[in-house]
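The sequence shown begins at 1 in UniProt numbering and counts up one residue at a time.
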Amino acid sequence: MAASQTSQTVASHVPFADLCSTLERIQKSKGRAEKIRHFKELLDSWRKFHDALHKNQKDVTDSFYPAMRLILPQLERERMAYGIKETMLAKLYIELLNLPREGKDALKLLNYRTPTGTRGDAGDFAMIAYFVLKPRCLQKGSLTIQQVNDLLDSIANNNSAQRKDLVKKSLLQLITQSSALEQKWLIRMILKDLKLGFTRETVFAVFHNDAAELHNVTTDLEKVCRQLHDPSVGLSDISITLFSAFKPMLASIADIERIEKDMKHQSFYIETKLDGERMQMHKDGDVYRYFSRNGYNYEDQFGSSPQEGSLTPFIHNAFKTDVQNCILDGEMMAYNPNTQTFMQKGSKFDIKRMVEDSDLHTCYCVFDVLMVNDKKLGQETLRKRYEILNSVFTPIPGRIEIVQKTQAHTKKEVIDALNEAIDKREEGILIKHPLSIYKPDKRGEGWLKIKPEYVDGLMDELDILIVGGYWGKGSRGGMMSHFLCAVSEKPPPGEKPSVFHTLCRVGSGYTKKELYDLGLKLAQHWKPFHRKAPPSCILCGTEKPEVYIEPWNSVIVQVKATEIVPSGMYKTGCTLRFPRIENIRENKEWHECTSLEDLEQLRGKASGKLASKHLYVGDDDEPQEKKRKAAPKMKKVIGIIEHLKAPNLSNINKVSNIFEDVEFCVMSGTKSHPKPDLENRIAEFGGYVVQNPGPDTYCVIAGCENIRVKNIISSDKHDVVKPEWLLECLETKSCVPWQPRFMTHMCPSTKQHFAREYDCYGDSYFVDTDWNQLKEVFSGIKNAGEQTPREMDPVIADLEHRYSWDNTPLSMFRHHTVFLDLYTVINDLSTKIEGARLAVTALELQFHGAKVVSCLAEGVSHVIIGEDQSRLADFKAFRRTLKRKFKILQERWVTESIDKRELQEENQYLL
1 MAASQTSQTV ASHVPFADLC STLERIQKSK GRAEKIRHFK ELLDSWRKFH DALHKNQKDV
61 TDSFYPAMRL ILPQLERERM AYGIKETMLA KLYIELLNLP REGKDALKLL NYRTPTGTRG
121 DAGDFAMIAY FVLKPRCLQK GSLTIQQVND LLDSIANNNS AQRKDLVKKS LLQLITQSSA
181 LEQKWLIRMI LKDLKLGFTR ETVFAVFHND AAELHNVTTD LEKVCRQLHD PSVGLSDISI
241 TLFSAFKPML ASIADIERIE KDMKHQSFYI ETKLDGERMQ MHKDGDVYRY FSRNGYNYED
301 QFGSSPQEGS LTPFIHNAFK TDVQNCILDG EMMAYNPNTQ TFMQKGSKFD IKRMVEDSDL
361 HTCYCVFDVL MVNDKKLGQE TLRKRYEILN SVFTPIPGRI EIVQKTQAHT KKEVIDALNE
421 AIDKREEGIL IKHPLSIYKP DKRGEGWLKI KPEYVDGLMD ELDILIVGGY WGKGSRGGMM
481 SHFLCAVSEK PPPGEKPSVF HTLCRVGSGY TKKELYDLGL KLAQHWKPFH RKAPPSCILC
541 GTEKPEVYIE PWNSVIVQVK ATEIVPSGMY KTGCTLRFPR IENIRENKEW HECTSLEDLE
601 QLRGKASGKL ASKHLYVGDD DEPQEKKRKA APKMKKVIGI IEHLKAPNLS NINKVSNIFE
661 DVEFCVMSGT KSHPKPDLEN RIAEFGGYVV QNPGPDTYCV IAGCENIRVK NIISSDKHDV
721 VKPEWLLECL ETKSCVPWQP RFMTHMCPST KQHFAREYDC YGDSYFVDTD WNQLKEVFSG
781 IKNAGEQTPR EMDPVIADLE HRYSWDNTPL SMFRHHTVFL DLYTVINDLS TKIEGARLAV
841 TALELQFHGA KVVSCLAEGV SHVIIGEDQS RLADFKAFRR TLKRKFKILQ ERWVTESIDK
901 RELQEENQYL L
């Protein structure tokens with residue numbers, strides 16, 4: 001804003017101190033009516049001053065926004081992204097005020113959450129800073145609201161540009177020109193928590209009757225303040241508009257018992273609840289915008305045009321030619337093209353940061369449409385919107401898809417869909433009424449959601465031990481708000497565990513009273529945690545507690561979570577996703593907590609998912625939780641069934657005991673012997689059938705490689721065997737030993753066994769062969785003379801691995817297929833020199849094991865580019881046409897890897 005324009009704003013005349021005085025009065029007021037009165041006084045005086053300042057002026061852009069953004073800073077996350085938390089503020093204050101590092105005031109700021117026994121301000125950094133600053137600051141500041149906004153904008157801009165020196169400079173201006181009271185409120189604005197005791201809905205309602213609704217469809221606080229400056233003028237058309245982020249419609253938690261009643265005893269839709277990032281797409285011709293649930297714009301990531309981004313170039317041509325503009329609502333997912341499955345959000349990736357050449361694809365799964373060709377559809381029924389959605393674009397698998405839905409009528413169909421989602425390791429299901437209209441920022445209103453964790457008894461829960469704690473802030477100030485929990489190492493027989501491995505940090509699931517009572521119980525046992533001298537009984541990862549408790553003084557808590565996911569922050573190497581405390585196990589001693597062994601079994605049981613039980617409808621039509629029967633422990637033995645133990649299957653009419661209680665998972669059969677037939681035969685022969693492989697599953701039977709089978713193969717935890725082996729066992733009424741011809745996939749232990757029994761062509765070293773087997777072996781043998789050098793590369797790599805030569809620098813590029821940009825037009829001496837240098841780099845790559853190719857095609861893993869990057873755009877365009885993407889790297893990656901004698905991290909060399 002220019003200086004002349006700035007001077008004509010209300011914010012440039014109103015002292016920041018006046019705003020802080022009003023906020024102080026609002027906070028100290030006890031009743032809601034009194035709080036509203038103080039806010040309305042501020043608002044009325046602002047509007048009165050505004051009218052006097054801009055008398056007889058038209059098209060005035062000045063508004064209440066400069067004050068509103070300070071009162072509701074949580075709604076301005078993108079504009080007010082300071083990157084500053086309490087600890088950073090404490091360090092800045094210590095530095096700027098030149099406080100002694102070990103002095104009383106410095107320690108107060110740094111340890112603001114630790115109770116001191118005085119005023120009761122523990123956990124409230126702003127209040128503690130106020131008392132530290134009070135003797136060191138002005139009695140009254142000189143800044144206006146506009147100047148404060150300008151300085152805060154400067155902090156946000158310099159934070160995004162990583163200019164910490166300029167951030168400090170702006171903070172220093174705020175500190176030297178503000179009173180302690182003003183800085184208390186500044187800190188709360190920076191931390192985006194004013195603690196006023198009333199909600200944004202109340203603020204909006206006082207400001208204007210249409211304010212909340214307009215903000216829901218625009219998420220633009222400045223637009224709300226400008227358009228609704230006059231409380232007597234309403235907006236006749238408040239609706240979703242192109243390129244303006246709106247608050248998405250949400251689903252409320254369903255009560256399965258009330259589903260049919262909530263759906264008004266009419267048919268309804270069931271959809272899979274996707275585990276990705278909620279995202280809305282706005283498209284107008286070649287211009288695209290992507291907005292998150294909170295209104296952040298991710299066009300730079302996904303692509304603002306068909307020429308850039310991890311998604312837009314791949315979906316632009318999917319839209320029908322008659323679709324000029326549209327607004328879509330959906331879920332942004334990560335798609336694995338190898339297994340043809342969607343990745344769960346708990347995996348180690350961030351869909352909002354995936355690069356174009358990632359091994360995973362960005363895929364937009366669309367479930368709603370809000371506008372097509374300027375026609376707004378929010379008031380249309382969901383049924384009508386679904387019909388329109390099918391005419392907007394042609395789905396491209398793995399890039400842009402329409403979320404499939406089924407029509408249902410009964411509670412039983414909902415339960416069946418939930419059980420199927422559990423089997424598929426999905427997050428849950430959504431129930432939607434076909435006649436519902438789209439209501440931004442509303443929860444429910446015809447949309448319901450069901451996750452396994454919402455239903456009692458469907459989740460595996462863990463009994464884990466509290467070993468550490470963290471002091472709370474805000475309403476939890478002065479007490480422990482979060483706990484570090486752990487599992488035990490298995491002790492020697494007859495002894496109690498003495499070593500515990502940290503697993504997760506949990507801080508939800510209990511009431512404030514339960515938290516207070518737990519805090520009282522453990523209060524006398526907490527000890528300060530010293531990072532340089534940690535307790536030997538508690539093994540931590542990078543996550544360290546503020547205080548710890550010796551295991552024998554602690555308690556076990558029962559924790560529910562959605563799944564177990566990898567994490568380097570905890571000693572176990574994994575953690576719980578969305579953990580919450582369900583119960584404090586008063587009936588269990590500290591040493592009876594979950595062990596590392598128990599944790600690994602749960603982790604392997606369902607690929608980490610903790611929903612492992614089915615909900616079913618009993619004879620009385622009441623839902624009951626039915627836990628799957630635990631599979632027996634057994635040792636994997638190839639072809640030697642006699643060694644296997646089994647449970648009692650007295651309810652099955654057995655005809656043989658050759659599979660005595662062996663656990664199988666049948667994914668698919670053959671045309672003549674479909675899946676149900678094979679499962680029945682297994683039960684007849686004494687076997688046990690599960691629908692998902694676990695740690696005790698003997699093998700997976702699969703007649704075809706569908707998506708689920710490919711997923712199992714990629715996990716490399718289970719043997720996948722053809723139905724022919726099972727049929728041969730049934731025909732001969734004996735357990736036929738596995739042979740290479742039966743195997744679709746072998747887990748590592750089985751591969752080791754086969755390596756001792758068979759050569760690389762599947763011919764046994766010990767067992768006599770017959771004519772048919774010999775023909776099969778010969779059909780798989782190539783003439784050694786026909787093998788090309790490229791075909792020999794895997795052989796060489798295998799030899800290097802077998803004899804541990806692959807750790808030498810001379811084989812660092814062995815598994816890479818590299819193309820170098822040697823063909824730039826050479827028209828001067830400098831490009832000749834560069835071409836010669838790249839040719840030397842090609843030789844270096846080959847010398848260190850790489851396969852260097854002269855043609856850029858499918859299968860190339862890396863493209864190396866020198867200083868001349870003129871063909872970079874061409875390479876990126878060609879990459880989009882390939883199924884498996886290559887990485888484009890600077891030449892420095894090769895030279896520095898060779899110099900340092902090990903492969904360097906690729907991300908810092910990406911182009």
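Virtual Cβ for every residue (Gly too), placed ideally from N, Cα, C.
Computed from a predicted structure; not experimentally measured.
Three or more Cβ pairs closer than 8 Å define a contact, and the segment 426–437 falls short of that threshold against the segment 219–239. Taking all protein chains in view, the Cβ of Lys283 is crowded by 16 or more other Cβ atoms within 10 Å, so the residue is classified as buried. In this structure Gly472 touches Arg113 by the C-beta definition: roughly 7 Å separates them, less than 8 Å.
The beta carbons of Glu260 and Thr502 sit no closer together than 9 Å. Shown here, Glu401 sits in a strand according to DSSP, grouped into three states. DSSP, reduced to helix, strand and coil, places Met263 outside both helices and strands of the structure shown, so it counts as coil. Within the model, the alpha-carbon separation for Gln173 versus Thr61 is close to 28 Å. Contact between Ile581 and Gly686 is absent: CB atoms are separated by about 43 Å, not below the 8 Å threshold. Short of 6 Å from the beta carbon of Cys363, and not among the five residues preceding or following it, lie these beta carbons of its own chain, in chain order: Met333, Tyr335, Gly398, Arg399. Note on geometry: alpha-carbon atoms of Glu213 and Leu221 lie some 12 Å from one another. For Phe319, DSSP records a beta bridge to Phe393.
Counting other Cβ atoms within 10 Å of its Cβ, Ala254 reaches 16 or more and is therefore classed as buried.
In the DSSP assignment, Lys710 falls within the alpha helix (DSSP H) that extends over 707–715.
Note: Tyr269 is bridge-paired with Gln407, Lys432 in the DSSP secondary-structure output.
In the DSSP assignment, Gly477 falls outside any alpha helix (DSSP H) and carries neither an H nor an E. In this structure, DSSP gives Tyr296 a state outside helix and strand, which the three-state scheme calls coil. Shown here, Gln890 sits in a strand according to DSSP, grouped into three states.
In this structure, DSSP gives Ile351 a helical state, which the three-state scheme calls helix. DSSP places His591 within a helical segment (H, G or I) once states are collapsed to three. The C-beta separation of Leu882 from Glu906 comes to about 18 Å, leaving the pair out of contact by the 8 Å criterion. Taken in chain order, the unbroken stretches of alpha helix (DSSP H) that lie wholly in the segment 149–205 and span 4 residues or more are 164–176, 180–191. The Cβ atoms of Ala251 and Trp185 lie no closer than 9 Å to each other. Secondary structure of Ala421 (DSSP, three-state): helix. Secondary structure note for Gly444: its beta strand (DSSP E) is the uninterrupted segment 443–450. Residue pairing by DSSP places Met68 in no beta bridge whatsoever.
Per DSSP, Pro566 is one residue of the beta strand (DSSP E) stretching across 563–566. Closest in C-alpha terms to Lys169, from the list Cys504, Arg101, Glu95, comes Glu95. Leu89 and Leu97 have their alpha carbons spaced roughly 12 Å apart. The straight-line gap separating the alpha-carbon atoms of Lys140 and Glu182 is approximately 8 Å. Of the residues Thr562, Gln146, Asn373, the one whose Cα lies closest to the Cα of Gln8 is Gln146.
The alpha-carbon of Asp124 is positioned some 10 Å away from that of Lys195.
For Pro551, same chain residues with a beta-carbon under 7 Å away, outside a window of 5 residues either side, are Leu465, Val467, Phe500, Cys537, Trp590 in chain order.
Ser45 carries a helical assignment under DSSP once its states are collapsed to helix, strand and coil. Counting other Cβ atoms within 10 Å of its Cβ, Phe268 reaches 16 or more and is therefore classed as buried. With a cut-off of 8 Å on Cβ pairs, the segment 738–753 is in contact with the segment 710–729, counting three or more such pairs. Between Thr750 and Arg708, the alpha-carbon positions lie close to 21 Å from each other.
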